[in-house]
């Protein structure tokens with residue numbers, strides 16, 4: 021008898037979809053359209069090109085490319101030939117790239133010449149001065165001993181590199197049978213990609229994942245009733261697991277059409293929803309907040325929206341979730357991490373608005389959750405907060421070349437220690453409350469910054485809020501609120517502090533307010549609080565000592 025759940029590889033999915041839905045539209049990008057058959061053909065061209073260049077099974081292939089069809093073609097091509105994809109955040113710069121290329125032992129780098137004002141190849145040249153003199157375009161770098169080749173997509177050709185069209189042309193030397201043999205040798209339990217964490221709280225780690233997310237995405241699609249009739253808006257960066265799994269993989273598992281954008285832009289996203297009759301979208305609170313405001317400024321026909329995923333649960337997210345639910349459509353909530361899959365928990369289509377907007381989803385099949393007291397290690401009863409732990413088939417293989425970090429994150433029994441504060445509600449839904457590292461300890465009292473942010477967001481002049489800790493001699497730590505005002509609003513620090521008095525506990529009230537035009541963000545749309553803490557230390561007087 022076959023396994024209860026069939027093991028499949030990511031690289032096999034495009035051929036399956038081409039057979040089942042060959043002439044149906046698979047992809048839309050900036051006015052261009054591809055069928056599933058055409059997408060599969062492009063993937064094969066790239067796969068053959070990589071084989072011709074000598075990319076070996078298990079070789080790490082860094083992909084430092086902005087959202088575009090070539091990203092998808094290259095991703096599936098790498099999977100198909102059994103190499104390991106290393107998606108790289110396109111907001112990173114030279115020192116960040118130096119770390120990821122070196123730490124991942126990447127043998128190939130695929131990048132673009134430039135995107136808008138950002139000259140990516142100029143940064144590559146800074147990192148790899150040996151490129152121009154590379155004999156037969158085989159790189160020998162002292163700083164990157166594993167890196168052998170660089171592929172550049174763009175209008176120009178550069179010494180020591182392979183152009184994208186050369187990659188495709190070289191692939192004509194590889195026949196279909198050779199590609200089929202290579203694809204057949206890929207095992208579902210092999211490492212498929214290494215994705216570096218977004219670094220909201222520190223230095224990134226490379227999360228190793230095999231092909232078992234096929235099951236996770238399939239289960240999410242079933243819970244949301246995704247079919248070939250659906251249209252997925254992919255306006256998030258492909259280097260992030262949310263976009264890679266829940267749009268790029270979701271499309272190839274369900275036959276749903278994918279509408280891809282180069283970057284997140286609220287106005288463009290809403291226009292595309294109306295134009296392409298999008299049925300599904302996803303994002304985090306900051307993105308949905310921008311969508312709600314943009315829809316208020318210029319309403320569009322969003323009646324095609326059937327469902328979507330909103331990363332809800334935090335007190336600061338709840339007001340935005342309700343606004344998005346009303347202005348855009350019935351969103352579902354979810355909890356996930358790169359380390360355990362995006363949809364470890366997910367709402368049901370039949371859930372109430374309260375469950376969808378105030379919780380973080382219900383566990384998917386194959387996952388077990390528990391909440392432990394971080395000090396005693398005892399399991400907490402329903403409704404009592406503690407550290408969220410997850411076990412199941414989709415917990416990561418580990419952090420690449422970081423065994424000690426892996427052992428800290430995944431214990432001997434297979435439980436992933438998320439570092440997140442959460443509760444398991446009486447109805448079985450999870451509620452994510454924030455990172456333990458973000459919790460403040462003020463005068464002996466615990467302060468949840470998410471709760472304070474949620475309160476500040478109720479002020480009519482506040483567009484976005486983030487609260488971080490700042491050292492204090494007497495109270496150990498106090499809150500600093502970073503505030504982005506709504507357009508045309510002139511709310512002051514005194515007004516905001518007065519707004520808090522008498523409404524929330526005195527120890528929860530921030531001691532300082534700083535106004536910003538924009539927040540430092542990760543590529544996945546999360547506020548980088550580690551940078552806000554540094555900004556507070558830089559801009560505020562040093563705390564008194566003694």
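In the numbering used here, the protein residues as written are 21 to 566. All C-beta atoms, glycine included, are put in the ideal place defined by N, C-alpha and C.
By the Cβ rule, the region 190-203 does not count as touching the region 141-156, because fewer than three pairs are nearer than 8 Å. Between the region 243-252 and the region 102-117 there are fewer than three inter-stretch CB-CB distances shorter than 8 Å, so the stretches are not counted as touching. For residue 201, the enclosing alpha helix (DSSP H) stretches over residues 196-204.
Secondary structure note for residue 300: its beta strand (DSSP E) is the uninterrupted segment 300-303.
Restricting attention to alpha helix (DSSP H) runs no shorter than 4 residues, the region 476-534 encloses them at 513-520, ordered along the chain.
Taken atom to atom, the span from the alpha-carbon of residue 177 to that of residue 247 is near 42 Å. With respect to residue 443, residue 451 sits close: the two C-beta atoms are nearer than 8 Å.
For residue 293, there is no enclosing beta strand (DSSP E); the enclosing alpha helix (DSSP H) has its first and last residue at 286-296. For the 8 Å CB-CB criterion, residue 341 and residue 330 form a contact. Shown here for residue 400: same chain residues with a beta carbon closer than 7 Å to its own, the five before and five after excluded, namely 391, 392, 393, 406 in chain order. One alpha carbon belongs to residue 213, the other to residue 281, and they sit about 22 Å apart. Between the region 159-172 and the region 120-139 there are three or more C-beta pairs closer than 8 Å, enough to call the two in contact. Note on residue 91: 16 or more other CB atoms within 10 angstroms of its CB, so buried under the neighbour-count rule. Taking every protein chain shown into account, the CB of residue 187 has 16 or more other CB atoms within 10 angstroms, so this residue is buried. Put simply, the backbone Cα of residue 276 is about 11 Å away from that of residue 55.
Assignment of beta-bridge partners to residue 84 by DSSP yields 131.
Per the C-alpha coordinates, the member of 306, 230, 105 positioned closest to residue 504 is 306. In the three-state reduction of the DSSP assignment, residue 327 falls in the strand class, which pools E and B. Membership of residue 407 in the beta strand (DSSP E) is indicated by the continuous run 406-412. In this structure, the beta-carbon distance from residue 266 to residue 543 does not fall below 8 Å. As for any beta strand (DSSP E) of minimum length 3 sitting wholly inside the region 415-479, the runs are 436-444, 450-455, 460-462, 465-467, ordered along the chain. Taking all protein chains in view, the Cβ of residue 26 is surrounded by fewer than 16 other Cβ atoms within 10 Å, so the residue is classified as exposed. Going by C-alpha positions, residue 462 is about 29 Å away from residue 217. Three or more beta-carbon pairs drawn from the region 91-108 and the region 198-206 are found closer than 8 Å, and the two stretches are therefore classed as touching.
Taking C-beta separations shorter than 6 Å and ignoring five residues to either side along the sequence, the partners of residue 378 in its chain run 338, following chain order. With 16 or more neighbouring CB atoms inside 10 Å of its own CB, residue 93 falls in the buried class.
Residue state for residue 541 is assigned as strand, using DSSP reduced to three classes.
For residue 107, the uninterrupted beta strand (DSSP E) run begins and ends at 104-107, by DSSP. Following the DSSP letters along the chain, one finds residue 354 in no alpha helix (DSSP H) but inside the beta strand (DSSP E) bounded by residues 352-357.
Comparing C-alpha distances from residue 225 to each of 327, 357, 347, 184 shows the shortest one belongs to 357. When DSSP states are grouped into helix, strand and coil, residue 402 belongs to the coil group. Residue nearest to residue 320 within the set 477, 366, 294, 46 is 294 (criterion: CA-CA distance).
For residue 97, the three-state secondary structure derived from DSSP is helix. One thing to note: residue 44 has its Cβ no nearer than 8 Å to the Cβ of residue 231. For the 8 Å CB-CB criterion, residue 233 and residue 269 form a contact. Residue 281 sits in coil when the DSSP states are folded into three classes, being neither helix nor strand.
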